[in-house]
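A.B. asks: Under numbering that gives the first Met the number 0, think of the first position of the sequence shown as 0, with each following residue one higher.
Before we start, here is the structure in question, set down as C-alpha cells.
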Amino acid sequence: MTFYFVYVLQSLNKDFIYVGFTTDLERRFKEHNDREELSTKHYAPFDLIHYEAYKSKIDAHRREEYLKTTKGKTTSRTMLKDSLM
0 MTFYFVYVLQ SLNKDFIYVG FTTDLERRFK EHNDREELST KHYAPFDLIH YEAYKSKIDA
60 HRREEYLKTT KGKTTSRTML KDSLM
C-alpha cells in the first residue's frame, strides 16, 4: 500500500517553514537537506517538525494546499508552536 505524506520542515538557520507532499518521506527529507531542491536549497539544513500520512493522494494534496494558505499557515503555526524555534 502506498502512503502519501504531507510534511512540514523548519529551517535550522533561517525563519523559513516549508510544506511539501511526497510518497517517500525519507528520500524527500534527504533531498531538502542535501540542497537538491531548488526552492529550499538556500534554507537548508532542515528539521522535520510534522508529517501526516494519507491513503488517498487527493486528500494529501488537498491538505498540502490548505497548509500553504494564509489560514493553513496560521493553523499549523498554532498547532506546532511548541515545535517551532
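Glycine is no exception: its CB is placed at the ideal position from the N, C-alpha and C atoms.
I'd like the list of long-range same chain contacts for residue 49, defined as Cβ closer than 6 Å, with 5 residues on each side in sequence excluded.
C.D. replies: In the sequence shown, the residue the question calls residue 49 occupies position 50. Correct list, in chain order: 7 and 79.
A.B. asks: Secondary structure at residue 36, three-state DSSP: helix, strand or coil?
C.D. replies: Here the question's residue 36 lines up with position 37 in the sequence shown. Residue state, collapsed to three classes: coil.
A.B. asks: Leaving aside the five residues before and after residue 24 along the sequence, list all residues of the same chain whose C-beta is less than 7 Å from its C-beta, in chain order.
C.D. replies: The sequence position of residue 24 within the sequence shown is 25, counting from 1. Cβ neighbours of residue 24 beyond the five flanking positions: 4, 6 and 50.
A.B. asks: Within 10 angstroms of its Cβ, does residue 66 collect 16 or more other Cβ (buried), or is it exposed?
C.D. replies: Sequence index remark: in the sequence shown, residue 66 carries index 67 (1-based). Classification for residue 66: buried.
A.B. asks: From residue 1 to residue 60, what does the alpha carbon distance come to, in whole angstroms?
C.D. replies: As a position in the sequence shown, residue 1 is number 2, starting the count at 1. As a position in the sequence shown, residue 60 is number 61, starting the count at 1. Approximately 14 Å, taken between the alpha carbons.
A.B. asks: Where does residue 55 land, buried or exposed, given buried means 16+ other C-beta within 10 angstroms?
C.D. replies: Taking the sequence shown and counting its residues from 1, the one referred to as residue 55 is at position 56. It is exposed - the Cβ of residue 55 has fewer than 16 other Cβ atoms within 10 Å.
A.B. asks: Residues bridged to residue 49 by DSSP?
C.D. replies: Here the question's residue 49 lines up with position 50 in the sequence shown. Answer is 7, bridged to residue 49.
A.B. asks: Thinking residue 63 and residue 19 are a contact (beta carbons under 8 Å), I'd like their distance in whole angstroms, please.
C.D. replies: Sequence index remark: in the sequence shown, residue 63 carries index 64 (1-based). Sequence index remark: in the sequence shown, residue 19 carries index 20 (1-based). Indeed they touch by this definition, with Cβ atoms about 7 Å apart.
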